[in-house]
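For reference, each letter of the sequence shown is one residue, going 2 to 128 in our numbering. Backbone N, C-alpha and C fix where the C-beta goes; we use that ideal spot for every residue, glycine too. One structure is given here, and the rest of the page talks about it.
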Amino acid sequence: MEKDKRFHIDKCSANADGELQQLDDGQMNENSMKGLVGLTNLGNTCYMNSSVQCISNTWELTQYFLEKKYKSLIDREYKNPLGTEGRIVQAWAKLLGEMWRGDNRVVRPDLFKRILGQYNATFEGYG
């Protein structure tokens with residue numbers, strides 16, 4: 002895996018846990034984009050990006066994530082056998098942090114896409 006890392010690391014969900022631990026603790030300042038960012042198309046992700054933009058501009062929900070109120074949900078002791086152990090929630094929070102607190106005009110939602118795709122494939126048989 003290590004020698005072929007350059008070919009799959011951007012698509013691999015195995016290293017996602019480490020990336021999720023690097024949550025943005027920054028605050029909004031005068032350089033923050035406050036949600037006015039573009040999202041990079043990662044190969045047929047235009048519909049996902051459109052949905053992300055719409056949900057991101059639902060201020061009450063975004064504020065909930067930016068203020069890290071979601072952490073109490075992740076810290077609960079119960080385990081759902083079909084759950085994601087908070088990975089999708091953490092990936093969403095990280096993406097919102099980049100979109101609202103960051104100073105880049107374009108954000109690459111690759112971590113969110115990888116984690117969402119990983120669990121979407123897992124749950125395809127349930128329904």
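In the three-state scheme derived from DSSP, where H, G and I count as helix and E and B as strand, G39 is classed as strand. Residue nearest to Q28 within the set V107, M100, Q54 is M100 (criterion: CA-CA distance). Scanning A17, D76, G39 for the CA closest to the CA of G103 turns up G39. By the Cβ neighbour-count rule, P110 is buried, with 16 or more other Cβ atoms within 10 Å of its own. Ranked by Cα distance from G98, the options G36, S51, R88, L43 are led by G36.
A Cβ-Cβ distance of about 17 Å is found for the pair I75 and L117, leaving them out of contact under the 8 Å criterion. Q91 is a Cβ neighbour of L21, given a cutoff of 7 Å. Pairing L112 with P82, the inter-Cα distance amounts to about 23 Å.
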